[in-house]
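Here is the structure we will look at.
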Amino acid sequence: MLHPRIIVAKDPEAVGKAAADQFEAVIAKKPAAVIGLATGSTPLPLYRELIAREKAGKIDFTKVRSANLDEYKGLAPDHEQSYRKFMQDNLFDHISIKPENTIVPLGLAEDVDAMCAAYEEKIEEWGGVDLQLLGIGHDGHIGFNEPDDHFPAMTHEVKLTEMTIEANKRFFNSADEVPRAAFTMGIGTIMAARKIVMVVTGKDKRDILKKTFWGPVDPQVPASILQFHPDVTLVCDEDAYPFN
Ligand code: PGA
């Protein structure tokens, strides 16, 4: 069994900086790198750091391509809570990445199977993901791949669990407004990335982090599959590190 390379950073800001180092290195080596991006609170310090580093001339996003992990089903791209809007507001609108070089699953897709297949094809056409960023949910989800009896392969539609709806309702007026379904890259899509960086912060993530990398590989803890990926860097803060 493989273990991740582990960086224990002091706090969420330091996690953002350490994760930004990984992005800077990959993009310096390959200016047209394909980066897989994530939403949620944990990546925010990283996105602020990436914006600052491009302003400082340390990273150039003009050739970079990006593919996001997931999107809520039924939300328009400009909906306040859509992941497309989150990415525009927190990263894309502040860096030089070209709009046509950013993809997020289409929340309003009418033909779901066709949209999911086209998403996979686009990533393949780009030559695959060079660096995939991940957060982790309290139930071990990555993207919106929730605990299940198997590891789903490709981009697909998922029903959100009560735990995820509960965790994400903070962004909506009430739990009732949280969409019940989403589109997400599959576990297979994520595992195909050449390099993976997972960012994790806060005491409340400590238990799931331990199960993920130091427990059995089990589809009930979807992120545990990362133990089989050859190039994972875990960047966590002191609160989240299970052995502090
Ligand atoms: P968070 O979300 O960064 O907001 O905790 C992580 C996730 O659910 O994947």
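No gaps in the numbering here: position 60 of the sequence shown is 358 in our numbering, and each next residue is one more. Think of the CB as a built atom: it goes at the ideal place given N, C-alpha and C, for glycine as much as any other residue.
DSSP three-state label for residue i, please.
i, result
"Y539", "coil"
"H454", "strand"
"V324", "helix"
"T487", "helix"
"N443", "strand"
"D474", "helix"
"I333", "strand"
"I434", "coil"
"D319", "helix"
"V313", "helix"
What whole-angstrom Cβ distance do residue i and residue j have, given they're in contact under 8 Å?
i, j, result
"Q386", "F470", "18 Å between Cβ atoms; not a contact."
"V402", "N366", "4 Å"
"Q320", "V456", "Contact doesn't hold; Cβ gap of about 27 Å is too wide."
"A451", "G500", "Not confirmed; about 30 Å, so no contact."
"P310", "D535", "6 Å"
"V410", "A491", "Their Cβ separation, rounded to whole angstroms, is 23 Å, which puts V410 and A491 out of contact at 8 Å."
"E369", "R382", "7 Å"
"E322", "I357", "5 Å"
"A479", "L458", "7 Å"
"T462", "G433", "The Cβ separation is near 12 Å, so there is no contact."
"V533", "W424", "So it is not a contact: roughly 25 Å between Cβ atoms."
"V519", "K509", "5 Å"
"L373", "G338", "Not really, about 16 Å apart at Cβ, beyond 8 Å."
"A538", "K493", "Going by Cβ atoms, the distance from A538 to K493 rounds to 21 Å, so no, they are not a contact pair."
"C414", "H454", "6 Å"
"E347", "A318", "4 Å"
Could you give the residue range of the beta strand (DSSP E) that holds residue i?
i, result
"I463", "It is not in any beta strand (DSSP E) - I463 instead sits in the alpha helix (DSSP H) that spans 460–466."
"V495", "493–498"
Per DSSP, which residues does residue i bridge with? Please list them.
i, result
"A480", "Y370, V456"
"A307", "D535"
"V427", "Partner(s): none; V427 has no beta bridge."
"V515", "Note: V515 sits in no beta bridge, so no partner."
Over the uninterrupted alpha helix (DSSP H) stretch that includes residue i, give me the two end residues.
i, result
"R346", "342–353"
"L507", "504–512"
Please give the ranges of any alpha helix (DSSP H) in the region 359–412, keeping only runs that are unbroken, at least 4 residues long and fully inside the region.
Listed in chain order, the complete alpha helix (DSSP H) runs (minimum 4 residues) inside the region 359–412 are 381–388.
Shell residues, 5 Å Cβ cut-off relative to heavy atoms of the ligand ATP:
Although the ligand ATP was asked about, the structure shown includes only the ligand PGA as ligands.
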